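Novice: Dumping the structure here so I can ask a few things about it.
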Amino acid sequence: MDGFAPLTHGYGPQGFGAAAHGLTRRRLASSIGCRGIGLHTGRTISLTLKPAPLGSGIVFHRTDLGLDIPARHDLVVETRLCTQIGLPGDRTARVGTIEHVMAALAAAGIDDARVELDGPEVPILDGSAAPFLFLIDCAGTVEHYAPRPAIEVLRRVRVEDSHGGWAELSPNPEPAFDATLSIDFGETAIGRQSLSMRISVESFRRELAEARTFTLAEDVARLRAAGLAQGGSLANAVVVDGPMILNPGGLRRPDEFVRHKMLDVVGDLALAGAPLLARFTGHRSGHALNNQLLLALMQDARNWRFTGSQAMAEAEREKLVAA
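In the numbering used here, the protein residues as written are 13 to 335.
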């Protein structure tokens with residue numbers, strides 16, 4: 013494989029939010045798969061992570077439909093309890109619950125990958141991103157020396173909802189992605205929690221990857237009546253009943269809830285298509301606000317620019333056009 017260099021000492025410094033000044037893109041070294049239950053559909057679904065052509069980005073492929081769906085923020089079609097992408101004008105061409113595998117791919121610095129699955133939803137596995145990181149570890153990664161973009165945020169962008177939630181991106185004086193998030197679930201075992209951290213391969217693996225999705229026991233019947241959470245169980249979600257955690261093993265971290273919400277932020281913002289060099293701040297932010305934030309950022313060219321190798325490549329292209 014000309015131009016490829018195997019990685020034998022971990023992922024290096026180019027995870028989500030890391031500077032992208034080198035000419036290196038990363039992809040999977042081999043294919044690897046798993047089978048699991050869809051959290052909302054309850055269907056058993058097979059998923060395979062595969063190497064992808066250089067520059068293709070992350071693409072989901074529905075093998076049952078023969079359709080490709082690029083992982084892009086402007087193709088998000090549903091944000092109720094998960095992030096779902098789809099092709100315009102085709103209600104069957106969708107893939108839901110993509111946020112955990114997207115977070116793992118982004119944190120591992122994977123630029124190009126093909127995610128094949130034979131149903132409409134990514135398997136929930138244990139409700140965290142850790143199983144997907146394990147699959148990536150097993151598959152291995154390789155680097156290709158080619159332009160790798162980063163998106164530098166130039167101006168503060170903020171979005172809000174009608175329930176007091178908000179999220180914003182602002183410039184970061186350092187070439188990194190720093191995030192601060194707070195949540196408030198009132199009189200439950202969740203309560204108020206907050207977390208601030210710099211997102212990197214190491215910090216994601218250590219602090220976020222194993223945090224599981226969660227729900228309130230009082231909401232389970234309502235969700236199932238609405239056709240959601242059909243595959244949910246104590247094996248793939250933390251269930252909170254007032255002051256109690258119903259899972260026999262309890263929590264993996266005392267603040268597992270805000271850690272999972274931060275994991276979701278990483279997965280949702282990975283739909284920008286390149287690492288973000290920015291500061292993220294949010295309060296009670298979920299999939300809807302995370303996607304609205306990306307849409308607001310990208311709709312005005314004054315809000316952001318490409319940096320690193322992509323910027324150099326575009327500058328050279330402009331010179332050629334001008335000549």
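C-beta atoms are modelled at their ideal positions from N, C-alpha and C, and glycine is treated no differently.
Since this is a predicted model, take the numbers as computed values, not measurements.
#1: On the DSSP letters alone, give me the boundaries of the alpha helix (DSSP H) that A229 sits inside.
#2: Exposed or buried, which one is S212 when buried takes at least 16 other CB atoms within 10 Å?
#3: Buried or exposed: which applies to L193, given that a residue is buried once 16 or more other Cβ atoms fall within 10 Å of its Cβ?
#4: Specify the secondary structure class of P161 as computed by DSSP and reduced to three states.
#5: Assuming R271 is part of the alpha helix (DSSP H), what are its boundary residues?
#6: Does the Cβ of C150 have 16 or more other Cβ atoms within 10 Å, making it buried, or fewer, making it exposed?
#7: One question on the structure: do D118 and A308 come within less than 9 angstroms of each other, judged by their Cβ atoms?
#8: Ignore the nearest five residues each way along the sequence and tell me which others in L275's own chain have a CB closer than 6 angstroms to its CB.
#9: Mapping the DSSP letters down to three states, classify P135 as helix, strand or coil.
#10: Taking the alpha carbon of P185 as the point to measure from, which residue in L59, L289, P159 has its own alpha carbon closest?
#11: If I measure Cβ to Cβ from G131 and keep anything under 6 angstroms in the same chain, skipping five residues before and after, which residues do I get?
#12: Taking the beta carbon of G261 as the centre, do at least 16 other beta carbons fall within 10 Å, making it buried, or is it exposed?
#13: I need the DSSP call for E222, collapsed to helix, strand or coil.
#14: Taking C-alpha atoms, which residue in L235, R38, A179, E230 lies nearest to H299?
#15: Can you tell me where the beta strand (DSSP E) with A179 in it begins and where it stops?
#16: Look up Q96 in the DSSP assignment and give the residues it is bridged to.
#17: Could you check what DSSP says for G243 in three-state terms: helix, strand or coil?
#18: Apart from the five residues on each side of it in sequence, which residues of its chain come closer than 6 angstroms, Cβ to Cβ, to L143?
#19: Between H175, V250, D190, G239, which lies nearest to T200 when the distance is taken from Cα to Cα?
#20: Going along the chain, which residues of its own chain have a beta-carbon closer than 7 angstroms to the beta-carbon of R271, five neighbours each way excluded?
#21: Kindly identify the DSSP beta-bridge partner or partners of Q205.
#22: What would DSSP say about L332, mapped onto helix, strand or coil?
#23: In its own chain, which residues sit with a C-beta less than 8 angstroms from the C-beta of R314, not counting the 5 before and 5 after it?
#24: Per DSSP, which residues does M256 bridge with? Please list them.
#25: Which residue's Cα is closest to the Cα of I44: F146, R317, L301?
#26: Return the chain-ordered list of same chain residues with a C-beta closer than 8 angstroms to the C-beta of S42, the five sequence neighbours on each side being excluded.
#27: Out of T91, L77, D173, A188, which one is the CA nearest neighbour of H295?
#28: With distances taken between CB atoms, is the gap from T95 to G78 smaller than 9 angstroms?
#29: Could you tell me the alpha carbon to alpha carbon distance between E230 and D253, rounded to whole angstroms?
#30: Rounded to whole angstroms, how far is the Cβ of D280 from the Cβ of E111, which I believe are closer than 8 angstroms?
#31: Among the candidates D86, R84, L61, L66, whose CA atom is the shortest distance from the CA of T75?
Specialist: With the given structure in hand:
#1: Looking at the DSSP string, the run of the alpha helix (DSSP H) that includes A229 is 229-237.
#2: Under this definition S212 is a buried residue.
#3: L193 is buried by the Cβ-count criterion.
#4: In the three-state reduction of the DSSP assignment, P161 falls in the strand class, which pools E and B.
#5: Looking at the DSSP string, the run of the alpha helix (DSSP H) that includes R271 is 268-281.
#6: Burial call: exposed.
#7: First, the amino acid is wrong: residue 118 is Ala here, not Asp. Result no, Cβ atoms of A118 and A308 do not sit closer than 9 angstroms.
#8: Closer than 6 angstroms at the Cβ level, and outside the excluded window around L275, lie A115, A141, L220, A223.
#9: Strand at P135.
#10: Checked all of L59, L289, P159; the closest Cα to P185 is L289.
#11: Close CB contacts of G131 within its chain, under the 6 angstroms cut and outside five residues either way in sequence, are with R55, I57 (chain order).
#12: Label assigned to G261: exposed.
#13: Annotated three-state conformation of E222 is coil, per DSSP.
#14: Closest in alpha carbon position to H299, among L235, R38, A179, E230, is A179.
#15: For A179, the uninterrupted beta strand (DSSP E) run begins and ends at 178-182, by DSSP.
#16: Q96 pairs with E90.
#17: Note: G243 maps to coil in three-state DSSP.
#18: Correcting the residue identity first, residue 143 is Pro in this sequence and not Leu. So the list reads L137, once near-sequence residues are dropped.
#19: V250 is the residue among H175, V250, D190, G239 whose C-alpha sits nearest the C-alpha of T200.
#20: Cβ neighbours of R271 beyond the five flanking positions: L207, E219, L220, A223, R265.
#21: Looking at the DSSP assignment, Q205 forms a beta bridge with I195.
#22: Model confidence at L332 stands at a pLDDT of 44, short of 50, so the residue's coordinates are unreliable; what they give is reported in the following sentence. Looking at L332 - three-state DSSP - the assignment turns out to be helix.
#23: Only L166, R167 meet the Cβ criterion.
#24: Beta-bridge pairing by DSSP links M256 to D253.
#25: Per the Cα distances, F146.
#26: Within the same chain, S42 has close Cβ partners P63, A151, G152.
#27: The option with the nearest alpha carbon to H295 is D173.
#28: Contact: no.
#29: If I take the Cα positions, the gap works out to 7 angstroms.
#30: 6 angstroms between Cβ atoms; contact.
#31: It is L61 whose Cα lies nearest to the Cα of T75.
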